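To start, the structure under review is shown below, and the notes come after it.
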Amino acid sequence: MIIDSAEVIVTSPDRNFVTLKLTTDDGLTGLGDATLNGRELAVVAYLTEHVVPLLLGRDAHRIEDTWQFLYRSAYWRRGPVTMAAVAAVDTALWDIKGKAAGMPVYQLLGGASRTGLLTYGHASGKDLPELFDSIRAHQEQGYRAIRVQTGVPGLKSIYGIASNATYEAMDGVRYDHEPAQRGARPAEEDWDTRSYLRHVPAVFEAVRAEFGPELPLLHDAHHRLTPIQAAQLGKSLEPYDLFWLEDVTPAENQEALRLVRQHTTTPLAIGEIFNTVWDYQQIIREQLIDYVRSAVTHTGGISHLKKVLDYAAQYQIKSGMHGPTDISPVGMAAAMHLGLSIHNFGIQEYMRHGARTDEVFRQSFTWTDGYLHPGDAPGLGVELDPDEAGKYPYVQAYLPFNRLHDGTVHDW
Ligand code: KDG
Ligand code: MG
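Residue 156 in this note's numbering sits at position 136 of the sequence shown; the count goes up by one each step and never skips.
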């Protein structure tokens, strides 16, 4: 089972996706997601120029050896571009191994530890009535856990709120928040931490009063707070019993979480921009978090994220894999197989893709009563339709950035 060809496919049905397709000499194909939101072409170049030539002629069965070879032989390790490329190769090789074995990937990872994966969706609104409508709409779709993001008085545009512009781009179909906007420059958003910290607890109080104590609620602070501000937020949200509070501080400084942890019992989730176990080393060992937010796509693939999650399991830390729309259906399928098999699964983020994306990527997963299952097709259970993919060439798009009132650039 020798890798005979490797193709990097860029398609932009509802947004940009980068997919690696490996084909073996006996005709098996495997897909890996290599999408890095707003920096897609950097991964395309890394794969095309530096990885694909090294893959041709390798034994497709040797997943771990290929991972170690790509990671160590580059000398320049880690980082989102490298690890997205390594992830795509790793995921595609698991897909091929599953097809060769005639089994879904979760069976190769040890078999199912549960019957389905609890998911959460993204409710948002610029004010309370809009937010309540959005929460109800998500419940009607079947979601049993809901992330809550709202507008903040005085701030024009803010992370996490589905915008009308996005609805229009999606032909009027409701599409959850998609932060990357097509165009030649990133959009500028504004930010004020004090207004945010004052407003958010009141929103959760109102949501609990309307929807009761049972509904699991999540919130994403998106890396914007200092440790002491994060501690304040965690403390002020304690009465509303959050499932988790996500990315409270910029993720680079693992020690910051110590201070936050000392002050609040609100469960913490972090890691969507981490890419190796080294980014988690201290916060897992010191039990500073409760959920690992990494995606298979950005953390070196199924092989490496499984190692991170096995390490986390020793400390009763669970998975909460990243699953926004910039994780392609291939990356989502990889998350589902991993999540189904590990013991310490927590919850899976799941924003549904648009209809065009679902035409490009034919999928065999199910989503029933708020629970995902990857299905039992051999491999990952996703196939890419080249004709559909070819209809949608790459469109430049950027994630937004933040400025404070005085013009200072702030974390987005
Ligand atoms: O590409 C950036 C998005 O994936 C990110 O902003 C989404 O924070 C996010 C989340 O929790 O889904
Ligand atoms: Mg997040």
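A virtual CB, placed ideally from N, CA and C, is assigned to each residue, including glycine. Model, not experiment: these values are computed from the prediction.
Could you tell me whether the Cβ atoms of residue 139 and residue 163 are closer together than 8 Å?
Closer than 8 Å, so yes.
Mind checking who residue 37 pairs with in its DSSP beta bridge?
Note: residue 37 sits in a beta bridge opposite 31.
For residue 348, which three-state DSSP category applies?
In this structure, residue 348 counts as coil in the three-state DSSP scheme.
So does residue 363 have its beta carbon nearer than 7 Å to some heavy atom of the ligand KDG?
Result no, Cβ not under 7 Å from the ligand KDG.
Can you give me the start and stop residues for the beta strand (DSSP E) that residue 141 sits inside?
Its beta strand (DSSP E) spans residues 137-145.
Anyone know if the C-beta pair for residue 66 and residue 102 falls short of 8 Å?
Taking 8 Å as the Cβ cut-off, residue 66 and residue 102 qualify as a contacting pair.
Check for me: the beta strand (DSSP E) holding residue 403 runs from which residue to which?
Per DSSP, residue 403 belongs to the beta strand (DSSP E) from 402-404.
Does any heavy atom of the ligand MG sit closer than 7 Å to the C-beta of residue 267?
Yes.
To the nearest angstrom, how far is it from the Cα of residue 422 to the Cα of residue 157?
Whole-angstrom Cα-Cα distance: 29 Å.
Is the CB-CB distance between residue 148 and residue 226 below 8 Å?
Yes, the Cβ-Cβ distance between residue 148 and residue 226 is below 8 Å.
Within the chosen definition, does the region 265-280 reach the region 228-248 through at least 3 CB pairs nearer than 8 Å?
Short answer: they touch.
Spatial neighbours of residue 117 within its chain, please: CB distance less than 7 Å, with the 5 preceding and 5 following residues excluded, ordered by chain position.
Only 81, 83, 128 meet the Cβ criterion.
Roughly how many angstroms separate the alpha carbons of residue 45 and residue 388, rounded to a whole number?
Approximately 38 Å, taken between the alpha carbons.
Have a look at residue 420 and residue 180 and give me their C-alpha separation to the nearest angstrom.
Cα to Cα, residue 420 sits roughly 11 Å from residue 180.
Could you tell me whether any non-hydrogen atom of the ligand KDG is closer than 7 Å to the CB of residue 53?
Residue 53 Cβ: outside cutoff for every heavy atom of the ligand KDG.
Only counting the same chain, and skipping five residues up and downstream in sequence, which positions put a Cβ closer than 7 Å to that of residue 283?
Counting only Cβ-Cβ distances below 7 Å, and skipping sequence neighbours, we find 251, 254, 255.
CA-CA distance, residue 170 and residue 425?
Their Cα atoms are separated by approximately 19 Å.
Can you tell me the Cα-Cα spacing of residue 380 and residue 109, whole angstroms?
Their Cα atoms are separated by approximately 20 Å.
Using the three-state DSSP reduction, which class does residue 50 fall into: helix, strand or coil?
DSSP places residue 50 in strand when its eight states are reduced to three.
I'd like the list of long-range same chain contacts for residue 123, defined as Cβ closer than 8 Å, with 5 residues on each side in sequence excluded.
Here the set comprises 398.
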